[in-house]
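Below is one structure; the comments refer to it alone.
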Amino acid sequence: MASARVLSAQEMGMSHGMPGMKMKGKRQPERGHTSPLPVETPDVVQLPWRMEGNVKEFHLTAEPVKQEIFPGRVVDLWGYNGSAPGPTIQVNQGERVRIIVDNHLPEATSMHWHGFEVPNEMDGAPGSSQDPIPPGGRFVYEFTLHQEGTYFYHSHMAMQEMMGMIGAFILHPKEPYKPRADKDFAIIMQEYAILPNIKVPNSMNMEFNWLTFNGKSGPANTPIIVRHGERVRIRLINLGMDHHPIHLHGHQFVVTGTEGGRQPQSAWGPGNTVLVGVAQSRDVEFVASNLGDWMLHCHLPHHMMNQMSSMVGPMSRRNGMPAGLDMERGMGMLRQGSATSEENGPSLGRGLGVGSTAEQTVANSPLKAGDPMQHQDMPDMPGMQHQGMQMGKPEVSKDANSVPGFPQDAFMEGPMMAMDQMVDKPENFGLRPGWSGFMAGMMTFVRVLPPDKYDQIMELRKKQEGNKPMKMRMPGMEHKHE
Ligand SMILES: [Cu+2]
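Counting in the numbering used here, the sequence shown tops out at residue 747, every number present.
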């Protein structure tokens, strides 16, 4: 499926359209009173625009995309302009914007501007404020934005939301926030249920095994790089089925904004964990006063894992317990019938709870003596360990198998999961060897670096940028759908 040519690169106004471009690889130039600090969305590109009179015009194409959420794990999602989440939109308070939305999905869609106080007919509520945009159709949204803060756009078809259809929409304030931040980042949280050897998320399912920050699961996501002493803002956006308690190591922060914009300073209580509920955004700010590589992650244990499922452990072990059920049913995925059918209805397909015919017996089983890690390869990627994973031996005591609770139902972190080289990039330079074995799901770093190390990484990044043709993905270009 290829996207139609909508606007050429030239027409999109390369020179004046990319707020995030200039800051890559070099220090921010001095900002005037009117130019806002661009927000960086690691691993997600910025959406270019062009001026049409006094209207800032953007173009989004809703379409199937291939997203590499983890090394070697390319999945079929639905997103915008080639990625899920879609590109980040940044505009200034008071601006008039036009967003042309083309639907290249095989079904109808509608675009909602989450939290915007715009005329009802621009709200994107399918069936009430507008007709859904049919496949192949287009809808042109236009409004003036008087708000400021961290917003997002998303499909208002619920099942499409579970396929990835969201993007960040930043409204920069007319008067810069005080105190001014030196660095500003945004992270979108998403979750997917994807069975091993399958590339399409199950949007019906209610248990999730791939958790992403900006479309990447740890350790594939790109750390946040800041210079020691800088004031940092991180905007957290959540659209999924779960709420995420996001925790930062080594620093206290204050919550300075919500999905409704800036909070009054009197409301800024200190903390280090902020619960970002579904459909919410939270801005946190802190002074990066503590040198080091600090984890920033969702604190739900199962959200700090990849390929998580209640059945992964037993299935990935040759000596596994005969659990009696399979991963599909363990995750509540339907293989036949609908969720409300007579067979599945009572337990909504889970095989658990009221009316289910089978109980899921997950328990730990002994690991093979001598080489407890022998069969711990990722069920999803057999042979993965031969392609660059380091596969170090974890430390396990001699009598480990006699200890109740060992092993846990799944080994999800540790030296055997390390893949430093596979996720090598400038932003990871200088991390402790083997670091990647302990980063999964919704986990990334805030790296607070001394000036020399910071400059070194920026230099590396600039070099890498120079080698790439163009990181920016333009609508209508670079689509590799099969
Ligand atoms: Cu979470």
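All C-beta atoms in this analysis are idealised placements derived from N, C-alpha and C, irrespective of residue type, glycine included.
Mind checking whether the beta-carbon of His568 lies closer than 7 Å to any heavy atom of ligand 3? Among the ligands in the structure shown, ligand 3 does not appear; only ligand 1 can be found there.
Would Leu370 and Trp343 be called neighbours here (beta carbons separated by less than 8 Å)? yes
Could you check whether Arg498 and Asp449 sit closer than 8 Å to each other, using their CB atoms as the reference points? yes
If you follow the alpha helix (DSSP H) that Pro716 is in, where does it begin and where does it stop? Note, Pro716: alpha helix (DSSP H), Pro716 to Asn732.
Please classify Gly670 as buried or exposed, where buried requires at least 16 other C-beta atoms within 10 Å of its C-beta. exposed
With H, G and I counted as helix, E and B as strand and the rest as coil, what does DSSP make of Pro329? strand
Among Gly351, Asp548 and Ser546, the one whose alpha carbon lies nearest that of Gln332: Gly351
Within 10 Å of its beta-carbon, does Ala451 have 16 or more other beta-carbons around it, so buried, or fewer, so exposed? buried
Pick from Val541, Val520 and Gly536: whose alpha carbon is nearest that of Asp548? Minimum Cα distance to Asp548 is reached at Val520.
Quick one: using the 10 Å Cβ neighbour count with 16 as the cut-off for buried, is Glu624 buried or exposed? Only weak support exists for where Glu624 lies, its pLDDT of 42 falling under 50; the coordinates are left without a value.
Rounded to a whole number of angstroms, what is the C-alpha to C-alpha distance between Gln425 and Asn571? 22 Å
Should Pro691 go down as buried or exposed, given a rule of 16 or more other Cβ atoms within 10 Å for buried? buried
From Val539 to Ile431, what distance separates their C-alpha atoms? 21 Å
Alpha carbon to alpha carbon, how far is Lys439 from Val356? 10 Å
When every heavy atom of ligand 1 is checked, does at least one fall within less than 7 Å of the C-beta of Leu696? Leu696 Cβ: outside cutoff for every heavy atom of ligand 1.
Output the boundary residues of the alpha helix (DSSP H) element that contains Ala423. Ala423 -> alpha helix (DSSP H) spans Ala423 to Glu426.
Same chain, Cβ closer than 7 Å to Met735, neighbours up to 5 away in sequence not counted: With a pLDDT of 45 at Met735, under the threshold of 50, the predicted position of this residue should be treated as unreliable, and no value is reported.
Does the beta carbon of His509 fall short of 7 Å from some heavy atom of ligand 1? In this structure, the C-beta of His509 approaches ligand 1 to less than 7 Å from one of its heavy atoms.
Would you kindly work out how many angstroms separate the C-alpha atoms of Arg361 and Asp685, rounded to a whole number? C-alpha of Arg361 to C-alpha of Asp685: approximately 45 Å in a straight line.
At least three beta-carbon pairs within less than 8 Å, the segment 392 to 399 to the segment 470 to 481: In this structure the segment 392 to 399 does not lie against the segment 470 to 481, because fewer than three pairs of beta carbons, one per stretch, are closer than 8 Å.
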